[in-house]
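Here's the structure, in structure tokens; my notes come after.
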Amino acid sequence: MESGNSLSMISLIMHASLPVQLIMALLVALSVISWSFIVSKLITLRAVGRSTDDFERTFWSGADLNSMYQRVSANQNSMGMEKIFQAGFGEFIKLRRQGGVELSDLMDGTRRAMKAAAQRELDELDRHTAFLATVGSVSPYIGLFGTVWGIMHAFIGLGNAGSATLSTVAPGIAEALIATAIGLFAAIPAVVAYNRFAHDTDRFATRFDTFGEEFSNILQRQAARGHSN
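What follows is the structure in structure tokens.
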């Protein structure tokens, strides 16, 4: 039987057939890209979470809306709920200044502005998750294709050699199975990350929608008092 060094991971990859090596290289590239998206997405989600938590604490503490709007508008790095507040209150102010706008039209415009801003923020949070889903679903099959090709290539070589022993079969089978292992290595983190990010994005969508409704009610009461006066 061949020595353990001949069955090392690196040795098996180096001696694999060219199609199997290309498949392994593709899977490694997909894994590297996936991890870059995963790390980037984790940083973004944490930043949005902190920004949203800080904004909600300030908003519900009774801070002046005009002062908050000026601060958020001046902040080039505002995100998440801050963007929704900025879009909604900005539209509310603009429509009120026009004069002669019905209360229903005023609130409809404000709600549309907030919904559009919320959708833009969710689209940003959802960016690259489709790629992770694709990697998670297709990587095992790409790896399996490499395994099938490798095993087929190994058996063709055995047929040409005319004899089959464990020492001759093991390296070919092992190098073929590495493709499946790399496929799973690429797929599993992508699937876990996709499910986590999808859950977090849905949670932010609920928070954004709830804030939009509550803020609309606050603005509606404010506008109603203005119309009554």
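If you read the sequence shown in our numbering, its first letter stands for residue 2, the second for the next number, and so on. In this text, a Cβ means the ideal position worked out from N, Cα and C, and glycines have one as well.
One thing to note: P190 has its Cβ no nearer than 8 Å to the Cβ of I14. In this structure, the CA atom of A114 is about 43 Å from the CA atom of L27. The beta-carbon distance between G213 and A119, rounded to whole angstroms, is 6 Å. This is short enough to meet the 8 Å contact definition. Around the beta carbon of E215, fewer than 16 other beta carbons sit within 10 angstroms, so the residue counts as exposed.
In the DSSP assignment, E125 falls within the alpha helix (DSSP H) that extends over L104 to L126.
With a threshold of 16 other beta carbon atoms within 10 Å, R112 meets it and is buried. CA-to-CA, the gap between L43 and F156 works out to about 45 Å.
Excluding its 5 nearest sequence neighbours in each direction, M80 has C-beta neighbours in its own chain below 6 Å: V49 and S52, listed in chain order. The three-state secondary structure of A225, taken from DSSP, is helix. About 23 Å separates the beta carbons of V33 and A177, which is beyond the 8 Å limit, so they are not a contact pair.
The distance from the Cβ of V136 to that of S37 is about 12 Å, inconsistent with a contact at the 8 Å cut-off. By alpha-carbon distance to L126, the top candidate from A199, V73 and L133 is A199. DSSP places N67 in the helix class (H, G or I) of the three-state scheme. Residues of the same chain with a CB within less than 6 Å of the CB of F93, apart from the 5 flanking positions on each side, are T111 and L220 in chain order.
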